[in-house]
Amino acid sequence: MYYSKDRPMKADDFSSQEHRHYGKRRRSSRTRLILILGLSLAFETSLLIMAFVRMGVAEQEATELAIVERKQTAELESLRPQVEKLHQDLDNMVHSRLPGLHRLEFDHVITLEDNYVKNIVFTVAGKGQEKQYEYKLVTHNGTLSLIHPRVDILIFDRAGIQIGLARIGVQKDGTPTLDMLDRGEIRSFSSKIELTDNAQPEYFRLRVYP
Numbered sequence: 057m058y059y060s061k062d063r064p065m066k067a068d069d070f071s072s073q074e075h076r077h078y079g080k081r082r083r084s085s086r087t088r089l090i091l092i093l094g095l096s097l098a099f100e101t102s103l104l105i106m107a108f109v110r111m112g113v114a115e116q117e118a119t120e121l122a123i124v125e126r127k128q129t130a131e132l133e134s135l136r137p138q139v140e141k142l143h144q145d146l147d148n149m150v151h152s153r154l155p156g157l158h159r160l161e162f163d164h165v166i167t168l169e170d171n172y173v174k175n176i177v178f179t180v181a182g183k184g185q186e187k188q189y190e191y192k193l194v195t196h197n198g199t200l201s202l203i204h205p206r207v208d209i210l211i212f213d214r215a216g217i218q219i220g221l222a223r224i225g226v227q228k229d230g231t232p233t234l235d236m237l238d239r240g241e242i243r244s245f246s247s248k249i250e251l252t253d254n255a256q257p258e259y260f261r262l263r264v265y266p
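In case it helps, our numbering puts the sequence shown at residues 57 to 266.
Structure (structure tokens):
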């Protein structure tokens with residue numbers, strides 16, 4: 057509205073002008089608020105989309121891993137009979153080449169009844185690669201004569217290769233000891249067995265001297 061220099065502005069004119077300025081400020085604030093809300097909504101929407109995409113990828117990977125695991129399990133089950141047959145064939149071959157072998161079982165009394173030898177127990181101690189193998193052999197003199205016990209304990213791996221030896225009744229230099237087994241006496245011998253490095257014992261055999 058145009059106001060003449062000669063005509064003074066009235067109070068209503070001031071009120072109308074302030075109202076227009078207030079309206080402009082209000083519309084400007086509302087526009088900024090809408091813009092901020094729009095940007096926030098767009099940001100949250102982007103985060104949700106990214107989260108859904110990641111969840112979808114993770115679910116797909118989990119499904120693929122489950123499929124691979126089931127496939128590998130089925131393959132192992134199908135190969136198990138072949139592996140067992142190979143083990144059995146190897147056992148038969150080793151026993152035919154080395155008669156008198158026994159399966160080496162730990163913490164189990166293995167009855168032998170070989171001459172004056174009654175039974176033997178093998179144990180293992182330690183952890184990881186630092187293992188120590190021990191034995192306890194029980195003898196019994198059921199005759200009417202004195203017996204000089206002399207026994208060799210030979211240890212073999214799965215392929216039938218000798219990997220350890222323990223001797224009873226002889227000294228390290230091979231000299232026989234003088235410890236005799238009396239009539240009716242039961243005596244046990246125990247010691248550790250030295251094996252070659254990283255060898256895995258599978259069988260044992262006794263060599264009992266009369």
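Cβ coordinates follow ideal geometry from the N, Cα and C atoms, glycine included.
Just so you know, these numbers come straight off a predicted model, no measurement behind them.
- The alpha-carbon separation between residue 236 and residue 197 amounts to approximately 10 Å.
- Counting every other CB atom within 10 Å of its CB across the protein chains shown gives residue 242 a total below 16, marking it as exposed.
- Residue 132 and residue 261 do not touch by the CB rule: their CB atoms are close to 33 Å apart, not below 8 Å.
- Within the same chain, and ignoring the five residues on either side of residue 165 in sequence, the residues whose Cβ sits closer than 7 Å to its Cβ are 175 and 177.
- An exposed status is given to residue 122, since fewer than 16 other beta-carbon atoms sit within 10 Å of its beta-carbon.
- Beta-bridge partners assigned by DSSP to residue 205: none are found.
- In the DSSP assignment, residue 220 falls within the beta strand (DSSP E) that extends over 218 to 224.
- Distance from the CA of residue 96 to the CA of residue 115, rounded to the nearest whole angstrom, comes to 28 Å.
- Residues 208, 209, 210, 211, 249 and 250 of the same chain have their beta carbon placed closer than 8 Å to that of residue 221, with the five preceding and five following residues left out of the count.
- DSSP places residue 173 within a strand segment (E or B) once states are collapsed to three.
- Counting other Cβ atoms within 10 Å of its Cβ, residue 205 reaches 16 or more and is therefore classed as buried.
- Looking only at 186, 117, 188 and 193, the smallest Cα-Cα distance to residue 170 is reached by 193.
- Under the three-state reduction of DSSP output, residue 137 falls in the helix class.
- Closest in C-alpha terms to residue 199, from the list 224, 216 and 239, comes 239.
- In the DSSP assignment, residue 214 falls outside any beta strand (DSSP E), carrying neither H nor E.
- Secondary structure of residue 94 (DSSP, three-state): helix.
- Out of 234, 124, 216 and 106, the CA that lies nearest to the CA of residue 202 is found in 234.
- The three-state secondary structure of residue 157, taken from DSSP, is coil.
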